[in-house]
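*Asks:* Next up is a structure, given as structure tokens.
Chains as they are written, first to last, in my numbering: chain U, 8 to 354; chain Y, 8 to 354.
As structure tokens, then:
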């Protein structure tokens, strides 16, 4: 018998829908390979919810419906206009909250409220949204711990690039001494274009925007804040910290000039935006800054929108992992992986 | 209370001693972080065994003793000259066999006998030795399965490079469509030197031998057999196969010429010895051969003695992991990781 897990999916944008698509596409495979039967109990979006009756919602059908222009609260007989996640959590019997609402780095809402309600009601959490975790890591983890609730956030720490898995599982028993990551695809794309073509930051940014790689307001990426948020979550998890992101020295890439690039190349280096963390005698040192990496550094060849992370350890040497889709499907696949780990491995 | 696991360590060469050293160095850490208390019940080497009485053997002390010129069977009051692993397994109460005897690719002995005795007596197995697994994978796995015995062999599939972890854990829920690996440090060193310096294979081999990177008889490495054995174990594990290694098309690097290297460079490529596996409509295609990788291939920058492996997946894109010590300590750290996974995660 497969293990049934009832899911409440909050947020039905690109990542939420990609997750529902994966549930549909992988149903047979999850059952056969992992003995796992996820059941979509409810989907919540801005205008309301769709709530299953006896069978669970058909994840493919609700996704088709919304992608054809419908809204969640009008889905077949299951739509409940105006119903919120806060209403649902606690009233609908479920095991796991999958949180994919848009990240809000001011107050973490609405995801923060969803997190707290899930913890209160003893639902485990799988999050793509990094807002509440970045803003309020210690309190959320403490509450979750008291309630025996697990929280997983692979999708918030570089999507399909298995940053935390490599740091937690692949290096189990080794001591991580330093972490360096290229954690943001947009800035790596801009720096790669500048390095290859000698162009100005503004020109590379404009191209990235035209290609949809950078947003119209690129601040979060180019000022290094997205990289900071990811390295903070990674360092918190692996070093047992509870950093205030505002205290992490963060320099973005807006000041990198073609002359800097040329000087780096001349010296055999390449400039990358690096989020780094290391434990020193004076405590943890976590920062974000453009750094000149030597050509043989394992992250030096990570180009364009690719990401990568490198762990220096006491007994295993340096282990580096690169790649992984940054797309909604990549993020959804990371959440599906979290689901398998959580349910089947307890990790 | 920490979980106590009684270990029989077979083979006390470089890797076995490095494992004992790690048990000593990591004792406190294993207890604090993983609630795990490994206990060294016996060590077996060529001339006999050392068998614990009430407390377990002190792993640091027996390693010091042997590194100062002693032999296992003469260790303090615990030495038992002539006692073999086959004698011990089943007579000494233990949970896990750690197998680090030298790999024998003719008949797998003595490790094959140790494996079978461990399975018979329901000890889980953590192996650095790939002989029995390469030669007799299906039979060993079937017997282990019938007995409820787990077998882990990270150290046999590229030491501290987490080849199997990334393929099993980091990509859980995704379908692996293709695997490509640089799995042998010696051949990668030789090819890297040839690529950089334009030198002949024989000259690069001689340098590698002078540096202790290649063995006096380099056949296993340079003919691609070590790479073959590793890709066979990886493909067997991840694709559920039971390949006969003799049927894997294997070309080594002895025929690679400076002219090949120059032609590859001219085309913007770099030649690497690649072990690859993919599932095709006609079944699995597993092979070992020198391949010209484009400069932006994620394994193209893996140079000198470094190794790496790249997984192409359906939902996560391509994920590549590189690095990890190839030393005895790296192999021992991989076995310690297997121990933690096995005992604490059941994976």
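Ideal placement from N, C-alpha and C gives every residue a C-beta, glycine not left out.
Values in this document were obtained by computation on a predicted structure and should not be read as measured data.
Kindly indicate which residue of 15/Y, 93/Y, 219/Y and 106/Y has the alpha-carbon position closest to the one of residue 193/Y.
*Replies:* That would be 219/Y, whose Cα lies nearest to the Cα of residue 193/Y.
*Asks:* Against chain Y, does residue 121/U count as a neighbour if the rule is that its beta carbon must be under 8 Å from one of theirs?
*Replies:* False, the Cβ-Cβ gap to chain Y never drops below 8 Å.
*Asks:* So the candidates are 43/Y, 252/Y and 10/Y; which of them puts its Cα closest to the Cα of residue 113/Y?
*Replies:* The shortest Cα separation from residue 113/Y among 43/Y, 252/Y and 10/Y belongs to 252/Y.
*Asks:* Measure the Cβ-Cβ separation of residue 31/U and residue 162/U and say whether it is below 8 Å.
*Replies:* For residue 31/U and residue 162/U, no; Cβs fall outside 8 Å.
*Asks:* Distance cutoff 8 Å, beta carbons only. Does residue 384/Y sit that close to anything in chain U?
*Replies:* Within the shown structure, residues of chain Y are numbered from 8 to 354, placing residue 384/Y beyond reach of any answer.
*Asks:* Any C-beta of chain U within less than 9 Å: which residues of the region 326–340 of chain Y qualify?
*Replies:* Here the close residues are 326, 327, 328, 329, 330, 331, 332, 333, 334, 336, 337, 339 and 340.
*Asks:* Identify whether residue 126/Y lies in helix, strand or coil by the three-state DSSP scheme.
*Replies:* Here residue 126/Y sits in helix by DSSP.
*Asks:* With distances taken from CA atoms, which of 154/U, 137/U and 141/U is nearest residue 125/U?
*Replies:* Closest option to residue 125/U, Cα to Cα, is 154/U.
*Asks:* How big is the Cα-Cα spacing for residue 25/U and residue 136/U?
*Replies:* Distance between the alpha carbons of residue 25/U and residue 136/U is about 14 Å.
*Asks:* I'd like the ranges of any alpha helix (DSSP H) spanning at least 4 consecutive residues and lying wholly in the region 199–251 of chain U.
*Replies:* Complete alpha helix (DSSP H) runs here, min 4: 208–217, 226–229 and 232–246.
*Asks:* Apart from the five residues just before and just after residue 201/Y, which ones in its own chain have a Cβ nearer than 6 Å to its Cβ?
*Replies:* Once the five neighbours on either side are set aside, the close Cβ partners of residue 201/Y are 211 and 268.
*Asks:* Determine the chain U residues that contact residue 177/Y at a beta-carbon separation under 8 Å, and present them in chain order.
*Replies:* The answer, in chain order, is 169, 172, 173, 176, 177, 328 and 344.
*Asks:* Quick one: what's residue 284/Y bridged to in DSSP?
*Replies:* DSSP, once it has assigned bridges, lists 186/Y and 293/Y as partnering residue 284/Y.
*Asks:* What in chain U is Cβ-close to residue 33/Y, meaning under 7 Å?
*Replies:* The contacting residues are 180.
*Asks:* Round the Cβ separation of residue 87/Y and residue 55/Y to the nearest angstrom and send it over; I've been treating them as touching at under 8 Å.
*Replies:* Yes, residue 87/Y and residue 55/Y are in contact; Cβ-Cβ is about 5 Å, under 8 Å.
*Asks:* What residues in its chain sit with their C-beta under 8 Å from that of residue 48/Y, if we drop five residues either side in the sequence?
*Replies:* Closer than 8 Å at the Cβ level, and outside the excluded window around residue 48/Y, lie 13, 14, 15, 58, 59, 63, 64, 99, 100 and 101.
*Asks:* So does the region 76–87 of chain Y actually touch the region 317–325 of chain U, counting three or more Cβ pairs closer than 8 Å?
*Replies:* The region 76–87 of chain Y vs the region 317–325 of chain U: no contact.
*Asks:* Less than 8 Å between the beta carbons of residue 10/Y and residue 44/Y, yes or no?
*Replies:* Contact flag set, yes.
*Asks:* Are the beta-carbon atoms of residue 336/Y and residue 327/U separated by less than 8 Å?
*Replies:* In this structure, residue 327/U does not lie closer than 8 Å to residue 336/Y by Cβ.
*Asks:* Would the beta-carbon of residue 6/Y fall within 8 Å of that of residue 242/Y?
*Replies:* It is not possible to answer for residue 6/Y, since the shown part of chain Y is limited to 8 through 354.
*Asks:* Please classify residue 331/Y: is it buried, with 16 or more other beta-carbons within 10 angstroms of its beta-carbon, or exposed?
*Replies:* Residue 331/Y should be labelled buried.
*Asks:* Compute the Euclidean distance between the alpha carbons of residue 91/U and residue 286/U, then round it to the nearest angstrom.
*Replies:* Looking at the two C-alpha atoms, the distance is approximately 42 Å.
*Asks:* Can you tell me where the alpha helix (DSSP H) holding residue 336/U begins and where it ends?
*Replies:* Its alpha helix (DSSP H) spans residues 335–347.
*Asks:* Could you check whether the region 137–151 of chain Y touches the region 174–182 of chain Y, counting it as contact only if at least three pairs of C-beta atoms, one from each stretch, sit closer than 8 Å?
*Replies:* Flag = no, the region 137–151 of chain Y and the region 174–182 of chain Y do not touch.
*Asks:* Look up residue 14/Y in the DSSP assignment and say whether it is helix, strand or coil.
*Replies:* Note: residue 14/Y maps to strand in three-state DSSP.
*Asks:* Which residues, taken in chain order from the region 245–268 of chain Y, show a beta carbon closer than 7 Å to some beta carbon of chain U?
*Replies:* The region 245–268 of chain Y vs chain U, Cβ under 7 Å: nothing.
*Asks:* How long is the line joining the alpha carbons of residue 313/Y and residue 246/U, rounded to whole angstroms?
*Replies:* For residue 313/Y and residue 246/U, the distance between alpha carbons rounds to 27 Å.
*Asks:* Tell me whether residue 313/U sits in a helix, a strand or coil according to DSSP, three-state version.
*Replies:* DSSP places residue 313/U in coil when its eight states are reduced to three.
*Asks:* Is the Cβ-Cβ distance between residue 279/U and residue 186/U less than 8 Å?
*Replies:* Contact: no.
*Asks:* In or out: residue 205/Y buried (at least 16 other Cβ within 10 Å) or exposed?
*Replies:* So residue 205/Y counts as exposed.
*Asks:* Could you give the distance in angstroms between the alpha-carbon of residue 345/U and the alpha-carbon of residue 173/U?
*Replies:* Looking at the two C-alpha atoms, the distance is approximately 13 Å.
*Asks:* Against chain U, with Cβ distances strictly below 8 Å, would residue 42/Y count as a contact?
*Replies:* Cβ-Cβ to chain U under 8 Å: no for residue 42/Y.
*Asks:* In this structure, does DSSP put residue 256/U in helix, strand or coil?
*Replies:* Strand at residue 256/U.
*Asks:* Beta-carbon within less than 7 Å of residue 141/U's beta-carbon, same chain only, minus the 5 sequence neighbours each way: which residues are those?
*Replies:* Closer than 7 Å at the Cβ level, and outside the excluded window around residue 141/U, lie 112, 236, 239, 240 and 252.
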